[in-house]
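Heads up, the thing below is written out as structure tokens.
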Amino acid sequence: MRIAVCLKRVPDTTAKIAIGADGTSADEAGIKFVPNPYDEYAIEEALTLRQAAGDGETVVVSLGGDAAQETIRAALAMGIDRGVLLQAAGSADGLEVARALAAELKGGGFDLILFGKMAVDDYNHQVGVMVAELLELPCITAVSHLTIADGAVAAEREIEGGIELSGCALPAVLTCDKGLNSPRLPSLKGIMAAKKKPLDVKPVSLGAGTVTVLGLSYPAERKPGRIIGEGADAVPELVRLLREEAKVL
Amino acid sequence: MSVIFAVTEQRDGTLRKVSLEVVTAARRLADQLGAEVHAVVFGSGPVSGVDQLGAHGADRVLAATHPDFGLYSPDGFAATVAAAGKGAAAIVFAATATGRDLAPRVAARLGVGLSTDVTELGTEGGKVVVTRPVYAGKVLQRVRLDATPSLLSVRPNIFQPIAAAKAGAAGALTVPAFTARVKVTGIKAAATAALDVTEAPVVVSGGRGLKAPEHFALLEALAAAFGNAAVGASRAVVDAGWREHGAQVGQTGKTVSPNLYVAVGISGAIQHLAGMRTARTIVAINRDKDAPIFKVADYGIVGDLFEVVPRLTAEVKRLRAE
Chain W
1 MRIAVCLKRV PDTTAKIAIG ADGTSADEAG IKFVPNPYDE YAIEEALTLR QAAGDGETVV
61 VSLGGDAAQE TIRAALAMGI DRGVLLQAAG SADGLEVARA LAAELKGGGF DLILFGKMAV
121 DDYNHQVGVM VAELLELPCI TAVSHLTIAD GAVAAEREIE GGIELSGCAL PAVLTCDKGL
181 NSPRLPSLKG IMAAKKKPLD VKPVSLGAGT VTVLGLSYPA ERKPGRIIGE GADAVPELVR
241 LLREEAKVL
Chain U
1 MSVIFAVTEQ RDGTLRKVSL EVVTAARRLA DQLGAEVHAV VFGSGPVSGV DQLGAHGADR
61 VLAATHPDFG LYSPDGFAAT VAAAGKGAAA IVFAATATGR DLAPRVAARL GVGLSTDVTE
121 LGTEGGKVVV TRPVYAGKVL QRVRLDATPS LLSVRPNIFQ PIAAAKAGAA GALTVPAFTA
181 RVKVTGIKAA ATAALDVTEA PVVVSGGRGL KAPEHFALLE ALAAAFGNAA VGASRAVVDA
241 GWREHGAQVG QTGKTVSPNL YVAVGISGAI QHLAGMRTAR TIVAINRDKD APIFKVADYG
301 IVGDLFEVVP RLTAEVKRLR AE
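Chains as they are written, first to last, in the working numbering: chain W, 1 to 249; chain U, 1 to 322.
As structure tokens, then:
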């Protein structure tokens with residue numbers, strides 16, 4: 001089974017985000033970057049499926065700057081066979097990113113192309129689906145349970161108030177949600193092996209796109225918190241405030 | 001007159017509330033651009049509640065009817081919206097499980113960009129300009145959509161439905177021939193009619209302070225007392241396997257904007273605060289008076305949740321019975 005995983009380098013979710021000098025992007029200074037958490041579910045799923053199949057190859061593809069090589073190495077340390085860096089600055093227009101990824105993946109003979117359901121930096125929720133559309137492949141998004149047998153995919157994904165069941169044939173694109181699996185931690189052996197695994201760096205240029213970032217701002221501060229009392233005796237006052245001041249009861 | 005499509009959602013033949021939010025957002029753009037709002041309703045037959053679309057600003061209500069459209073049909077919906085929307089000024093989706101799947105398909109088919117999870121919108125010089133939270137709401141991004149049509153999805157619970165009486169004239173939308181590469185076969189219900197944390201007006205969330213998974217029964221009881229509440233959870237308790245991942249509020253979970261958010265036994269890590277800071281009113285119940293959650297809570301009670309929560313449940317019940 002040949003599986004590609006698309007991976008993005010993102011700030012750690014515990015990082016405080018400061019607006020950069022250009023006013024349109026985050027200041028990267030002092031921020032720890034990690035593989036996008038949802039992409040780790042995709043990596044884990046690729047490794048599990050590849051092992052179950054008995055043969056094949058796993059490839060990780062990332063679009064980003066040079067620093068993304070480190071992120072790719074993290075995936076190689078988990079067990080992915082090789083990496084490709086599509087060297088570009090990225091784009092606010094997910095379709096431009098999707099076009100570059102689709103061009104790389106096209107003709108690669110992949111049975112599966114896996115993504116995280118979204119990246120925790122731009123919250124776009126779109127590149128995986130767009131790649132599927134561009135490659136004219138079936139795509140199921142936000143998969144939290146997956147069975148693959150006889151060339152067919154059966155998936156579950158969470159929708160509001162329920163679980164949606166769907167299926168498609170391979171080859172397919174899937175985007176992965178939390179709950180699909182528990183991503184492994186790289187072993188020391190894996191980390192050593194990752195240093196010798198192939199990592200191709202290919203400069204790409206993205207189109208201008210049609211989504212223009214005008215600026216970033218900080219959300220309005222909430223008014224400072226207020227402690228209204230201690231213990232169960234404070235409950236009547238809380239209920240009064242919810243009813244009369246906040247008007248939510 | 002140019003057209004803005006509002007892509008609505010139904011479940012089991014009934015229009016979902018988020019549809020009115022989509023129409024409300026589309027109406028706002030239409031008024032600024034001098035356009036009409038055409039609401040698109042997918043179904044395998046008639047959908048109840050569509051009269052509400054005209055009352056909230058839809059000039060036309062277009063039924064896209066197909067035997068497969070009782071459930072979500074990724075390829076069928078995408079083909080229909082892409083065909084109809086080609087010459088439109090804008091297409092507005094909901095940032096729901098369905099809308100997040102559908103909108104990028106339409107964007108790719110039309111070759112245009114897409115702005116997702118929008119929380120504010122307007123126009124500048126005839127172009128759609130939106131604001132959307134990034135980095136889980138730690139920062140807001142202002143974006144201009146330069147393509148026609150402009151595609152965007154609105155975050156649930158942000159655009160409260162606003163009455164705007166329009167004709168809501170019924171019509172039909174052509175469903176083009178499509179190949180269903182993905183087939184949706186059914187919906188497995190979660191707990192009985194459970195509200196999703198992203199859509200519920202009230203969210204009651206629990207964290208490690210609850211000490212054991214069975215103690216979430218306290219929060220279920222409080223949620224039941226409110227009547228319109230969903231139960232959420234912190235990352236710590238989801239990772240510990242106490243609650244389903246779909247209940248997780250925070251940067252690697254869901255971002256919620258309810259009228260009332262009650263954080264119980266949650267200390268308030270930055271990832272969690274990012275997911276709920278847009279709630280209109282925040283209540284925190286925690287035994288540690290220095291917990292960061294109290295910095296954002298409109299009303300905090302320092303104390304033992306095992307005493308405070310049952311009392312609150314009783315008071316809310318009493319009040320709602322009045």
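Cβ atoms here follow ideal geometry from the backbone N, Cα and C, with glycine treated the same way.
Next on the checklist: So within the region 250-281 of chain U, which uninterrupted beta strand (DSSP E) runs reach at least 3 residues, ignoring any that extend past its ends?
Outcome noted: 260-264
Checklist entry - How about U/H245: is its C-beta nearer than 9 Å to some C-beta of chain W? => result yes
Next on the checklist: Against chain W, with Cβ distances strictly below 9 Å, would U/V302 count as a contact?
Outcome noted: yes
Item to check | 9 Å Cβ cut-off: residues of chain U touching W/I227 | outcome: A284, K289, F294, A297, Y299, G300, I301, V302
Checklist entry - Under 9 Å between C-beta atoms, does U/I187 make it to chain W? => result yes
Checklist entry - Mind listing which residues of the region 207-222 of chain U have their C-beta closer than 7 Å to chain W's C-betas, in chain order? => result none
Next on the checklist: Does the CB of U/S267 have a neighbour CB from chain W at under 9 Å?
Outcome noted: no
Checklist entry - Near W/I17, which residues of its chain fall below 7 Å by C-beta distance, leaving aside the five closest residues on each side in sequence? => result P11, A26
Next on the checklist: Give me, in chain order, the residues of the same chain whose beta-carbon lies closer than 6 Å to that of W/R2; leave out the 5 immediate sequence neighbours on both sides.
Outcome noted: G56, E57, G109, F110, D111
Item to check | Straight-line Cα distance separating W/L7 from W/V84 | outcome: 10 Å
Checklist entry - Does the beta-carbon distance from U/A78 to U/V37 come in below 9 Å? => result no
Checklist entry - Using the beta-carbon of each residue, which ones in chain W are nearer than 9 Å to U/S205? => result Within 9 Å Cβ-Cβ: nothing; U/S205 doesn't reach chain W, min ~16 Å.
Item to check | Ordered list of beta strand (DSSP E) runs contained in the region 119-161 of chain U, each at least 3 residues | outcome: 120-124, 127-134, 139-145, 150-154
Checklist entry - Since U/P67 meets chain W, which of its residues come closer than 7 Å, beta carbon to beta carbon? => result Within chain W, no residue comes near U/P67; the closest Cβ sits about 17 Å away, beyond 7 Å.
Checklist entry - What are the boundary residues of the alpha helix (DSSP H) that includes U/S234? => result Careful: U/S234 lies outside any alpha helix (DSSP H) and carries neither H nor E.
Checklist entry - Comparing the C-beta of W/K178 with each C-beta of chain U, is any distance below 9 Å? => result yes
Next on the checklist: Can you look up U/K342 in the DSSP assignment and give me helix, strand or coil?
Outcome noted: Missing from the structure shown is residue 342 of chain U; chain U here goes from 1 to 322 and no further.
Checklist entry - Do U/I91 and W/V235 have their CB atoms nearer than 9 Å? => result no
Item to check | Interface residues of chain W facing U/R144 [CB-CB closer than 7 Å] | outcome: T212, L214
Next on the checklist: When you compare the CB of W/S205 with every CB in chain U, is at least one pair closer than 9 Å?
Outcome noted: no
Checklist entry - How many Å lie between U/S205 and U/E220 at the Cα? => result 10 Å
Item to check | Exposure of U/T192, with buried meaning 16 or more beta-carbon neighbours within 10 Å | outcome: At U/T192, the pLDDT of 44 sits below 50, so the modelled position is not reliable and the matter cannot be decided from this model.
Next on the checklist: With a threshold of 9 Å between beta-carbons, can W/K8 be considered close to chain U, or not?
Outcome noted: no
Checklist entry - Are the C-beta atoms of U/G113 and some chain W residue less than 9 Å apart? => result yes
Next on the checklist: I need the straight-line Cα distance from W/L95 to W/L214, nearest angstrom please.
Outcome noted: 18 Å
Checklist entry - Could you check where the beta strand (DSSP E) with W/L85 kicks off and where it finishes? => result 82-87
Checklist entry - Closer than 7 Å, Cβ to any Cβ of chain W: which residues of the region 169-184 of chain U, in chain order? => result R181, V182, K183, V184
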